Structures are given as C-alpha cells and as structure tokens.
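Some notes on the structure that comes next.
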Amino acid sequence: MRAKWILVALLGLGLAVAMLWLLSSSTSDVARAQGPDGFETYYVAPGAACGGAAPCYGDVQSAVDAVDAPGEVIKVATGIYTGVHARPVPPAYVIELSGLTAITQVVYITRNVSIAGGYAITDWTTAYPLTQPTTLDAQSQGRVLFVAGHISPVIEGLRITGGDAAGLVGQEWAGGSDAGGGMYVLSATPTVSNCQIFSNTADFGGGIHLRDSAATIRGNDVYSNTGHWGGGVSAFLSPATIHDNAIWGNSVTEGGPGEGNVLCRGGGVDIDGSVWFTVTDNVITSNTSESEGGGLSVAGWGGTEVAGNEISANRAITGGGVMVGYGNPHFVGNTISANVAITVGGGLYLKDSRAGLFDNDIISNSARYGGGVAMNGPGWGFRDDPGPDLDANNILSNTATEGGGGLLLEFCAAALRGNLIAGNDAPNGGGLNLLLSNARIEANTIRANQASRGGGLNMQGGEPEIINNVIVDNQVTTGGSALNSFGSAPRLWHDTIVNNSGGDGSAIYLQDWQPSEPTHVHIVNTVLAGHSTGIRLTAGTTATLDAVLWYNTPLTVSQGAGSALFAQNELTGDPLFVDPASGDYHISSTSPARDAGATLGVDRDMDGQVRPMGWAPDIGADEYPDAHLLLVVRASSLVVHSGAEVTYTIWVTSDGEADATGVSLTDALDTWQRALSVSPPGTCAIADGSWGGSVTCSPGTLVTGTTFAATLVAQVSPDVPPAQGMLNAVDVIANETANGT
77 MRAKWILVAL LGLGLAVAML WLLSSSTSDV ARAQGPDGFE TYYVAPGAAC GGAAPCYGDV
137 QSAVDAVDAP GEVIKVATGI YTGVHARPVP PAYVIELSGL TAITQVVYIT RNVSIAGGYA
197 ITDWTTAYPL TQPTTLDAQS QGRVLFVAGH ISPVIEGLRI TGGDAAGLVG QEWAGGSDAG
257 GGMYVLSATP TVSNCQIFSN TADFGGGIHL RDSAATIRGN DVYSNTGHWG GGVSAFLSPA
317 TIHDNAIWGN SVTEGGPGEG NVLCRGGGVD IDGSVWFTVT DNVITSNTSE SEGGGLSVAG
377 WGGTEVAGNE ISANRAITGG GVMVGYGNPH FVGNTISANV AITVGGGLYL KDSRAGLFDN
437 DIISNSARYG GGVAMNGPGW GFRDDPGPDL DANNILSNTA TEGGGGLLLE FCAAALRGNL
497 IAGNDAPNGG GLNLLLSNAR IEANTIRANQ ASRGGGLNMQ GGEPEIINNV IVDNQVTTGG
557 SALNSFGSAP RLWHDTIVNN SGGDGSAIYL QDWQPSEPTH VHIVNTVLAG HSTGIRLTAG
617 TTATLDAVLW YNTPLTVSQG AGSALFAQNE LTGDPLFVDP ASGDYHISST SPARDAGATL
677 GVDRDMDGQV RPMGWAPDIG ADEYPDAHLL LVVRASSLVV HSGAEVTYTI WVTSDGEADA
737 TGVSLTDALD TWQRALSVSP PGTCAIADGS WGGSVTCSPG TLVTGTTFAA TLVAQVSPDV
797 PPAQGMLNAV DVIANETANG T
C-alpha cells in the first residue's frame, strides 16, 4: 500500500489547509537482482545504527553508491539526514557560461534504485512515514536530490526540504539560471510518490525541476517552495505526468535572472515546451505569482492535458488560476474556482493560444477583466486565425470590476459551444465582453448575468456570430439587457432572447463607434419575448431583421434619428416554450415558431439535433423534434464517354428525431441521359425511359436512423458534345419534410 497525501481545502471567508498522510507504506513487491556484493536491500539509519540489519549506512548517498545491480532497494529509517556531496557535472547538464565543474546535493542518483523512507530500525518491513518521518535536508547548501541518466529509479516516503540551487545552474535562461531546489531530474524517468517536498528554492522549479524527463510525480505534497518560474514544479521539454498531488502554498516572484525584471509564472506549476505532459487529479491551491499563472502556467504545442484537477484560491497579476502563454493544451473536467487575478483572467488567461476547454467548472473567480476566462489572440481576432475552443463548460458566478464577468475576448476568434454562462457580474458584459473579436458563440445558455450595459453580451467592434443561443433573465442598469453592440456587426441567427430586463428596457442596444465600421446587426430566425423594448437603435446604427418572432414586447423597436431598420417576415405570438419557469426553452408542438424560419444553412440546433426538421427551419434556438431526410447522390465516374453507362447511387437517411412517413423519391435526368435500370425492383421503377426521363422510388416509412439506398444505371447519349456537363435532379419528399439535390 503506497502512502498518500490528501489535501483538504476549505474555501469560505478564508482558507484552511490540512494534510493527512496514511500511516503506513511499503516498497513495491517486484523482482530485484542481487548484485555481486550478495545484497538486494540496503539499510540507512542515523549513525549507521540499523538495529542489526546489514549492510547499514549512515547516509543515503553511501547506500546509493553501494548499489551494484538494477532495481535494488534502499530502506531509510526515520531521522534527519543532512550534508551535501559534490559530484562532477554529468553529460547534457546545462552550465552555460558559469564554468561549473561540480554540483552539490544530499543524494546523487545515476542508477536504477528504489529509495523508501519511513522505517524504524526495529521494523524494516512496513514504513510509517507520518509517525516515522525520514527527512533529507540540504540546509540551503545545495539540492536535495539529483537524478540523471537513462534510468527509472523509485523515490517514495521522503521529506525533501532545505534545497537551494543557487550557483548550480541547470537551465539556460539568461546565460545560466539555477533550477531544481528540492529535486533536479535530467533525462531520467523516475517515479516520485508519497513524498513531502517543501521549503526549497530555485529560479526554475523551487520544489522540482524536470528537464527532458518522462518522470511520474504521483501522490506527493508539494508546498512552501519558492522560485521565479514554477514555485512548486517546473518542467522543460519533458513528457512527464503529475498526478494526484497536493500542490499548495508555493510562490514565484519577479526579479529573476536576466536583464531587469522578467515575468515570473507558475506559482504552483510551470510547464514550458513540454510534449505530451499530463496534469491530472491534483489539488493546486493557494499558490501565488507576482506576475502570471498563480496556480499553473502552460506554454507549448506538445499536447499537454490538464484534467480532473481542483485549481482553487490561487492568485496572480494575470491568470489567477491558470496562464496559457501559447500552444494548444486541453483542459478537461477541472474545477477552477475562487482564483484571483489583479488584472486579467481570474480563472484562466489564454494568451495567443488555441487551447481547448471542455467540461470544466469555472466558478467564483475574479479579475479586473475576464473574471472567469480571459482570451487574447492569437492574431487579431479574424476567423482565419482561430482561437481557443470552449465546449460544455459551466462558467458561473465570476466577477470583473471592468469588463467580462464570465469571459473576456480580445482580438480572439474563439469558438464557444454548449456552455452555461450564468450568474456572472461586470460593468460591461456580465456574461461576455468582446473586443474586436470575430468569435463564434453557438448553442450556449447565457442566463442571469448582471452588468451596467450588455447583461448577457457586450461587444465592441468585430463581427461575431451569435447562433442558437438561449439568452434569458440577464439584467442591466443602462441598456442592452441581452446584448449591447458598440460599433460591431454581429449576426444573431436562431437565438432565443427572453425576459431580460433593467435600465431603459431594451433587450438589444446598438451604438456607433467611430473607429470601427458602422454598427449593423443582422437578426434572423430569432425569438424576442418579454422585454419593454426589443431593439434600440441610436444614430449611425442599422438593424436588418428577418423572421423574428415577437411576444410580450410592447415596443419592438425604438429608432433614433440617423438609424436605419430593415425588417421582413415578422411574426407575433406566444412561442409556447415547454417550461420557461424551469429554464426549458424548447418549443412545443403548436408553437408558431415551427417551420416559420428563413433558410440560413444552420444545420444543427442548440441540442445538436439536425436542422431543419419538418418543412422549414424553426425560429429560435430549438428545432422541434420531427422528421428530416438526408439525401446523398454519388456517380460512379466524374468523366464518361459518349454512349457509356454511368451508375448513380442514391442514399436517403432518416436522420431526424421522428420517423419519416410516405417517403417518395424522383430522379430526373437531363436530355443527355436515359435510365436503363433502377433497383431495388418493386420499390423503384423507370417512370420515363426516354432521353431526359426519370425514375421513381417509394420506400414508404423510414424509421429514424435508417437509410434507403437506390441504384440507377443510366446511358450517356452518343451525341453528347465533348466536355458537356450532365445533371440529374433528385428530390425526396415525405409527409413531414422534403429534400433535394
């Protein structure tokens, strides 16, 4: 049974941290070689008094030096072990311009060995690292552990403290920077488990520094370490795993090596340029950075995955919980809460990044801008330079003192899909604040956010796409309770905008902004219900409306001098939502929104269901469950000779939410073709076998999820001119819907 540290963080008016280490542990029961000295287990105790066990040593380094076969075990008795040892600088170690020839540490490891602490000299069978602690203390005279080479040692049950890498270099920044106060790992794959790593210091990785290392750091408590990059852990070019650790109370400060003050980052963990790095199931809390990434900092294009972590109560200038400098890391299933950034990105700050955020809970974070998440770049926010993907996250109860309570997007073409953005607060954009960002905001629920302007969304410049969203119950004190557009040209397609309130009563407020293109909003296939004023246009703004369903909105449009409004196909009536009081904004079967929308090419609704189902798109974010037919036609060849035969395969798939009944298909050929045969027989037949004739099929009922396939063999006319294009028009119709190609 391995030792395990459990961190319990209680968040409220303050933060209490408690540690619990299971009382016992034992080394792994694996086959081990017996070396020439005849021993496979070595013992260490203070004063080399091992209670009769042999061979016995008074310090760990002597035992490591005695190991003469891979996989042998060193058991270390309770006590405090001090004293550093100098060893020559190993190959591939970074010394830069320092001229360093030797490094100092308590233990230098270059062979496969298992080192386990927590034993008593009266019992070498079971370790109790809590009541029988084994402490390796460098007393600020060097590092505690140094691990190098293509080896896979095991280190467990130790207290690693007092390490100071000053003068030992190890990282090339600024002509040589000190790295790995508690532990430095070079090109090795150690497993470090059930250790306490605390009160160590270095420029890079106060607690641990990994370089070109596939280490596994598992089940440890890493706390009260200091540095400039990665107070607890730093990793460089390392495909390592950090799993199930408690990383807390670490810090990084400005003023590291280099010309002037440089940006420090990663109070808890800093990952730079590392490939296939994983950070999973850790508690990362109460860490601080005087610049970036209070809890975690990530930079690199190597597929880093951050999953299942609790990242809470960390603090920084930017990126209170997490800072992503560049790259495409994935954040999956994390809880990121109660973090604070002085300026930008309380929970996360994504800078020039294409990160993916999936299924995270981002709750109760705060900053000046972007209380929950802040994003800047990459590029200038155009769609040809896509930004991060945020899918299915809960972004709740975050606050910003300036803009973007839930999210801030600056020059960022991010894609937001299926997120719940609720209960956030900021003066500008309670839910979201966009600056010159051509983002795609799709199928989100934006609910009960508060702001001075732009309760749900506030946008300044840019051409964002706002599609299939439910924007409800947001509040403002001035205008634009659902959306405020300041010099932007958004497209609102298939949105459900209901019961937003406050200020001048406008759901959508349009203002001009001289540095930008004129404000011009397109609102199509959208429900606007339950507002004092639907849309307020001020001077210099334009709105184009098509297929808008109005309900319970006394003043649909308030139009100021110098503004322009173009509207067509407007409807009025109760949308007949299923249960709006409980937040269910699906439409019911008799809703006037059904089959009443314009064709836009939006092929999915807010639930990811196919659109349209029925005869035309429904208005609003929801498409009522009905039949839909997907039609695909393929020719056996794209180039055929005169007089030759060509085979067309036709697939009709019932991909709606209801069965399609009375399905019939017609394939009309052009005058350069005639039908020779069609199958399956009985269901399909040649209706007209002449040039330019047709075939028909009657498959009847297609159950949802099933496909009907037909095969048509046609002859090409001997008189067809060279390079003549040939067409056949296929139409399929059912009692509930139709399609064609």
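In terms of the numbering used here, the sequence shown opens at residue 77 and continues consecutively. The beta-carbon is built from N, C-alpha and C at its ideal position, and this holds for glycine as well. Please read all numbers here as calculations on a predicted model, not as lab measurements.
Distance between beta carbons of V220 and A214, contact taken as under 8 Å
5 Å
So, are the CB atoms of I360 and A311 less than 7 Å apart?
no
Which same chain residues end up closer than 6 Å to A786 when comparing Cβ atoms and leaving out the 5 residues on each side of it in sequence?
I726, C760 and C773
In the structure shown, what three-state DSSP assignment does N410 receive?
coil
Taking only three categories from DSSP, how would you classify W249?
Here W249 sits in helix by DSSP.
State buried or exposed for W569, treating a residue as buried only when at least 16 other CB atoms are found within 10 Å of its CB.
Classification for W569: buried.
Is A255 closer than 7 Å to A241 when the C-beta atoms are compared?
yes
Residue nearest to T475 in terms of C-alpha spacing, selected from N469, I418, A124 and N514
I418
Just to confirm, are L533 and G499 a CB contact at a threshold of 7 Å?
no
Sub-7 Å separation of R341 and S300 beta-carbons:
no
Separation of G453 from I273, as counted between CA atoms
Going by the C-alpha atoms only, they are around 37 Å apart.
Hey, out of V552, G343 and Y724, whose CA is closest to A502's CA?
V552
DSSP beta-bridge partners for N815?
BP columns for N815 point to V808.
Distance check for S561 and G446, CA to CA, integer angstroms please.
18 Å
Count the other C-beta atoms from every protein chain shown that fall within 10 angstroms of the C-beta of D199, then say buried if there are 16 or more, exposed otherwise.
Burial call: exposed.
At 4 residues or longer, and completely inside the region 563 to 602: list those alpha helix (DSSP H) runs for me, N to C.
none
Under the three-state DSSP convention, the category S102 falls into:
Residue placement at S102 is flagged as unreliable, the pLDDT there being 45, under the threshold of 50; the coordinate-derived value follows with that caveat. Of the three classes helix, strand and coil, the one that applies to S102 here is coil, per DSSP.
In three-state DSSP terms, what is V771?
Three-state result, V771: strand.
The region 634 to 645 contacting the region 613 to 626, beta-carbon criterion three pairs below 8 Å
yes
Does DSSP classify S859 as helix, strand or coil?
Outside the displayed range of the chain (77 to 817) lies residue 859, so it cannot be described from this structure.
Distance between R523 and L484 (C-alpha atoms, nearest Å)
16 Å
contact_flag[the region 160 to 176, the region 116 to 131] where n(CB pairs < 8 Å) is 3 or more:
no
Taking only the alpha-carbon atoms, compute the straight-line gap between A763 and M802 and give it to the nearest angstrom.
20 Å
In its own chain, which residues sit with a C-beta less than 6 Å from the C-beta of T618, not counting the 5 before and 5 after it?
Contacts found: H596 and A640.
By Cβ distance, which residues of its chain are closer than 7 Å to T265, with the 5 residues on each side in sequence left out?
S228, S289, A290 and A291
Which residues mark the beginning and the end of the beta strand (DSSP E) in which I227 is found?
Per DSSP, I227 belongs to no beta strand (DSSP E) and is neither H nor E.
Taking 7 Å as the threshold (C-beta atoms), are I584 and I547 in contact?
Their beta carbons are not under 7 Å apart, which means I547 does not touch I584 by this criterion.
Span separating the alpha-carbon of A489 from that of L206:
51 Å
Alpha carbon to alpha carbon, what distance is there between A527 and Y425?
When only Cα atoms are considered, Y425 and A527 end up about 21 Å apart.
Can you tell me whether L631 is buried or exposed, with buried defined as 16 or more other CB within 10 angstroms of its CB?
exposed
Pop quiz: N601 and G673 are said to be a contact at Cβ under 8 Å. What is the actual Cβ separation, rounded to whole angstroms?
Indeed they touch by this definition, with Cβ atoms about 4 Å apart.
Contacts around V106, its chain only, beta-carbon distance under 8 Å, and the 5 residues preceding and following it disregarded
Any reading at V106 must be qualified, since the residue scores a pLDDT of 39, below 50, and its modelled position is unreliable; the value itself is stated next. The answer, listed in chain order, is G147.
Distance between beta carbons of G397 and G371, contact taken as under 8 Å
By a beta-carbon distance limit of 8 Å, G371 contacts G397. Their separation comes to about 5 Å.
What are the start and end residues of the beta strand (DSSP E) that includes Y299?
D297 to Y299
Run of the beta strand (DSSP E) containing L511, from where it starts to where it stops
L508 to L511
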